[in-house]
Structure formats: structure tokens, C-alpha cells
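Novice: Just passing along the structure, written as C-alpha cells.
In the numbering used here, the protein residues as written are 415 to 786.
Below, the structure is given as C-alpha cells:
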């Protein structure tokens with residue numbers, strides 16, 4: 415079936431439908447990862463977005479139940495150059511098309527993704543609509559303009575858990591599957607702003623029992639669980655649109671060691687008096703170079719965010735620890751006086767890279783130090 419992608423500025427791309435038929439609307443972004451499309455589809459941080467893959471062939475390794483990062487896909491729509499309908503991978507249990515169709519994810523293939531990515535880089539991320547229903551470019555562009563951007567939208571409420579739960583599954587290992595972990599040494603309360611399963615597995619692998627709580631859980635309720643540390647998760651959208659999260663974190667600083675990733679990093683910055691801003695087209699992919707200023711070592715990282723922390727807004731006891739070597743944006747923070755730190759990127763990234771996996775051990779060391 416024929417399909418079109420139409421952007422808010424009137425630019426249109428023709429292609430063919432795969433996955434679910436119908437329409438999908440959201441902010442159009444691109445991801446530069448060469449592998450891991452299933453993890454991308456199921457990352458709650460992509461709530462409200464249409465994702466373009468820059469790698470030309472997608473679907474060749476199929477889908478399997480072990481690689482999901484959440485209970486369902488959150489990507490609104492999927493845009494690829496070429497869809498491979500016949501997967502060839504020993505772990506595959508089904509084709510990507512069938513998986514997307516089951517979950518209502520609208521896809522379009524045959525798009526000139528190089529041209530689309532160039533357009534986004536020059537004009538910035540903007541809203542768009544994938545449609546198998548309408549061919550009226552003007553009408554689709556007008557509707558895309560009415561969607562509105564992600565700024566000011568609280569998308570965390572769409573993806574956070576509604577009730578707390580315990581997590582004890584460890585990382586996946588070749589030949590044995592998911593570890594169950596040994597006897598945990600620490601208890602961590604993880605705030606769910608859109609948390610990925612592999613983050614939880616990384617915490618378990620670092621010796622933690624994990625209690626996941628909704629994003630709006632009061633600080634007093636989290637502390638009543640007697641955690642050794644508090645984790646702030648990744649998630650979608652504008653950090654400034656979830657002021658309740660920053661208010662809660664502000665009450666936790668100095669009470670327990672804190673570790674934040676991605677949106678959790680931005681919320682921690684807001685809680686410590688900083689500001690955030692919208693990036694032109696964001697950082698989405700598995701090849702972002704980051705320097706750890708404390709060691710001067712460079713890590714290749716996986717990232718997925720459309721907002722960043724304003725370095726000039728950080729005052730007092732807050733120190734920038736990591737910077738992006740492409741655009742010098744803030745990639746990590748720490749509190750000089752309290753056991754509190756965060757990073758903008760994803761040390762838990764699957765399928766990789768894994769350069770930053772040491773950060774889970776850093777969190778473990780902070781919790782051990784806090785015990786005295």
C-alpha cells in the first residue's frame with residue numbers, strides 16, 4: 415500500500431506502508447544507530463515521536479521477546495529506507511512488520527532517508543504525519559502544524575507506571591539468558607519517568623534490589639521504603655513540563671545518593687537550580703562522543719534526547735563532569751558536596767556501546783560510602 419510522510423513545512427516523501435496501516439502523527443527525528451531497532455521502538459523516551467532510521471536496511475534481524483525495553487512500543491511511527499521482510503537471525507521469533515502491526519505502529523519504507531535527515535538537520539525537528547489514508551499534502555501539512563511541538567507537554571504521565579513494583583532480573587548473557595542476580599547488597603528506589611528494562615537490569619547487576627515507583631511519588635514515600643540510593647530514569651519530552659518531578663528530587667538531595675540518566679539528568683539539573691533548552695534536532699543514536707572531564711577519557715555513547723541542560727545556568731555546588739565533543743553540550747553533572755551525579759546518555763545501552771557501563775559501579779560506590 416502506498417504511504418506518505420508529510421512535514422509541517424509542507425515537505426512530503428512518498429513510500430510504501432509496512433506495519434500498521436492508517437496514520438501516525440508526532441515530532442519527526444532521526445536515529446543514527448546501525449543496530450537495535452527493537453530497543454528503539456520500545457524505548458518510552460520516544461513517546462510522541464516518529465523515528466527515522468539512517469541505517470538503510472531495517473528488519474533483517476526480526477524481533478524477539480528478550481530485546482524489548484518496555485512492555486510495548488512507544489514510537490508513534492517508523493520511517494526507513496528499506497524494510498527487510500525476511501529476517502535472518504537465530505534469536506528472531508517473528509518479522510518486524512508483524513510486530514508493528516500487532517501493536518498499531520505505522521511504518522513507511524522507500525523514503526529517501528538521506529534527504530529527510532539533511533532536511534531535519536537544516537530546518538530542525540518538526541511535526542509530521544505518516545498516512546496511508548490521505549494523499550492531500552496541503553491538508554496533511556496543515557494538520558501537522560496544529561500538532562504543536564513537545565515543549566510544555568508532560569509526556570511522563572503517559573509512560574510512567576501507575577503502581578510501584580519490585581524488579582530482580584539481571585542482564586542477558588550469551589548461553590544463559592537473563593541473570594537473576596545474587597543476594598543484593600543495596601536497595602534502590604527508581605523513579606519511573608519512562609524507565610528502560612536494561613537500566614533496571616544494570617542496577618541488579620550492580621548488586622541492587624530495585625523498587626520502581628511512579629514519577630509523582632512523594633519524596634517522603636520514597637524515603638519510607640528505606641533505600642540506600644535513588645535512581646532517576648530516562649523518559650520523554652520536555653523536563654520543564656514536569657515541575658513536580660524536580661520538586662520531589664529537590665527534597666531528596668542530601669538524603670540519599672542519587673544517580674540520574676537522560677531525563678533524570680535534566681530533572682536533577684532543574685532541581686539544583688539549572689535550566690534546560692530544546693535542541694535543534696536532538697541527539698539520537700549510538701555513536702555520540704563524550705569526554706569525562708574528570709579523567710579526560712572519551713566514551714562513545716548511545717543517546718536519545720531532544721532537550722539539554724544549559725551549562726551557564728548551573729551555579730554553586732553543581733559541576734559539569736561530561737561534555738559532548740560534537741556540540742559541547744552538557745553530558746554529565748555532579749554535586750560537589752553531596753553524593754549526587756547524572757549523565758545525559760545511556761550507560762545501559764543495548765546492543766551498545768558499553769563504554770559507560772562503569773557508571774553503575776560508581777553509583778554502587780556512592781551508596782557504600784554513604785553507609786560509612
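Backbone N, C-alpha and C define an ideal beta-carbon position, used for all residues, glycine too. Owing to the predicted nature of the structure, the values given are computational and were not obtained by experimental measurement.
#1: Taking the straight line between their C-alpha atoms, what separation do you get for residue 697 and residue 626?
#2: Secondary structure at residue 777, three-state DSSP: helix, strand or coil?
#3: Taking only three categories from DSSP, how would you classify residue 645?
#4: Under DSSP, the alpha helix (DSSP H) around residue 533 begins and ends at which residues?
#5: Which residues in the same chain as residue 720 place their Cβ atom closer than 6 Å to its Cβ, once the five residues preceding and following it in sequence are excluded?
#6: Since residue 438 and residue 490 are thought to touch, with beta carbons under 8 Å apart, how far apart are those beta carbons, to the nearest angstrom?
#7: Leaving aside the five residues before and after residue 787 along the sequence, list all residues of the same chain whose C-beta is less than 7 Å from its C-beta, in chain order.
#8: Give the DSSP-derived three-state secondary structure of residue 672 in the structure shown.
#9: So, at 7 Å on beta carbons, what are the nonlocal neighbours of residue 639 in its own chain, with the 5 sequence-adjacent residues on each side left out?
#10: State the beta-bridge partners of residue 714 as determined by DSSP.
#11: So residue 619 packs on residue 593, CB below 8 Å; how close in whole Å?
#12: Give the secondary structure of residue 459 by DSSP, where H, G and I count as helix, E and B as strand, and everything else as coil.
#13: With respect to the alpha helix (DSSP H) encompassing residue 657, which residues constitute its N-terminal and C-terminal limits?
#14: Going by C-alpha to C-alpha distance, which of 558, 526, 600 and 540 sits closest to residue 641?
#15: Rounded to a whole number of angstroms, what is the C-alpha to C-alpha distance between residue 763 and residue 676?
#16: Given this structure, state the Cα-to-Cα distance separating residue 775 from residue 415, to the nearest angstrom.
#17: For the pair the region 481-499 and the region 457-473, tell me if three or more CB-CB distances fall below 8 Å.
#18: Look up residue 576 in the DSSP assignment and say whether it is helix, strand or coil.
#19: Based on DSSP bridge pairs, tell me the residues matched to residue 733.
#20: For residue 440, which residues does DSSP report across the bridge?
#21: Quick one: Cα of residue 723 to Cα of residue 606, how far?
#22: Could you give the residue range of the alpha helix (DSSP H) that holds residue 619?
#23: At the level of alpha carbons, what is the spacing between residue 507 and residue 476?
#24: For residue 493, which residues does DSSP report across the bridge?
#25: Taking just the CA atoms, how far does residue 610 sit from residue 598?
#26: Taking the alpha helix (DSSP H) that residue 517 belongs to, which residues open and close that run?
#27: Whole angstroms is fine: what's the gap from residue 703's alpha carbon to residue 772's?
#28: Tell me whether residue 451 sits in a helix, a strand or coil according to DSSP, three-state version.
Specialist: So, from the listed chains and residues:
#1: Taking the first residue of the chain shown as position 1, residue 697 is located at position 283. Taking the first residue of the chain shown as position 1, residue 626 is located at position 212. Their backbone Cα atoms lie some 27 Å apart in a straight line.
#2: In the chain shown, residue 777 corresponds to position 363, counting from 1. Looking at residue 777 - three-state DSSP - the assignment turns out to be helix.
#3: By 1-based counting over the chain shown, the position of residue 645 is 231. The answer is strand: DSSP assigns residue 645 an E or B state.
#4: On the chain shown, residue 533 is found 119 positions in, with the first residue counted as 1. Element bounds for residue 533: 527-537.
#5: Indexing the chain shown from 1 puts residue 720 at position 306. Closer than 6 Å at the Cβ level, and outside the excluded window around residue 720, lie 693 and 696.
#6: For this step, residue 438 is matched to residue 24 along the chain shown. For this step, residue 490 is matched to residue 76 along the chain shown. Contact holds; Cβ gap of about 5 Å.
#7: This structure gives no information on residue 787, because the portion of the chain shown stretches from 415 to 786.
#8: As a working mapping, residue 672 is identified with position 258 in the chain shown. Three-state result, residue 672: strand.
#9: Against the chain shown, residue 639 aligns to sequence position 225. Excluding residues within five positions, the ones whose Cβ falls inside 7 Å are 603 and 625.
#10: Residue 714 sits at position 300 when you count from the first residue of the chain shown. Partner(s): 703.
#11: Walking along the chain shown from the start, residue 619 turns up at place 205. Walking along the chain shown from the start, residue 593 turns up at place 179. Sure, about 7 Å apart at Cβ, within 8 Å.
#12: Residue mapping note: residue 459 aligns to position 45 of the chain shown, counting from 1. Three-state result, residue 459: helix.
#13: Within the chain shown, the letter at position 243 stands for residue 657. Unbroken alpha helix (DSSP H) run through residue 657: 657-666.
#14: Translated into the one-based positions of the chain shown, residue 641 becomes position 227. Answer by Cα proximity: 600.
#15: By 1-based counting over the chain shown, the position of residue 763 is 349. By 1-based counting over the chain shown, the position of residue 676 is 262. Their Cα atoms are separated by approximately 12 Å.
#16: Stepping through the chain shown from its first residue, residue 775 is reached at position 361. Stepping through the chain shown from its first residue, residue 415 is reached at position 1. Residue 775 and residue 415: Cα-Cα distance of roughly 50 Å.
#17: yes
#18: Along the chain shown, one-based indexing puts residue 576 at 162. Residue 576 falls in the coil class under three-state DSSP.
#19: Start at 1 with the first residue of the chain shown, and residue 733 comes out as number 319. Paired residues: 748.
#20: Locating residue 440 in the chain shown gives position 26, counting from the first residue. The partner list for residue 440 (beta bridge, DSSP) reads 542.
#21: For this step, residue 723 is matched to residue 309 along the chain shown. For this step, residue 606 is matched to residue 192 along the chain shown. The straight-line gap from Cα to Cα measures roughly 20 Å.
#22: Numbered from its first residue, the chain shown carries residue 619 at position 205. 611-619 is the span of the alpha helix (DSSP H), which, as asked, contains residue 619.
#23: Taking the chain shown and counting its residues from 1, one reaches residue 507 at position 93. Taking the chain shown and counting its residues from 1, one reaches residue 476 at position 62. Computed Cα separation, rounded: 7 Å.
#24: In the chain shown, counting from the first residue as 1, residue 493 sits at position 79. Partner(s): 466 and 522.
#25: Within the chain shown, the letter at position 184 stands for residue 598. Within the chain shown, the letter at position 196 stands for residue 610. In a straight line, the C-alpha of residue 598 is about 20 Å away from that of residue 610.
#26: The residue labelled residue 517 in the question sits at position 103 within the chain shown. Where residue 517 is concerned, the enclosing alpha helix (DSSP H) stretches over 510-517.
#27: Taking the chain shown and counting its residues from 1, the one referred to as residue 703 is at position 289. Taking the chain shown and counting its residues from 1, the one referred to as residue 772 is at position 358. Taking the straight line from one Cα to the other gives about 16 Å.
#28: One-based indexing of the chain shown puts residue 451 at position 37. Helix, per DSSP.
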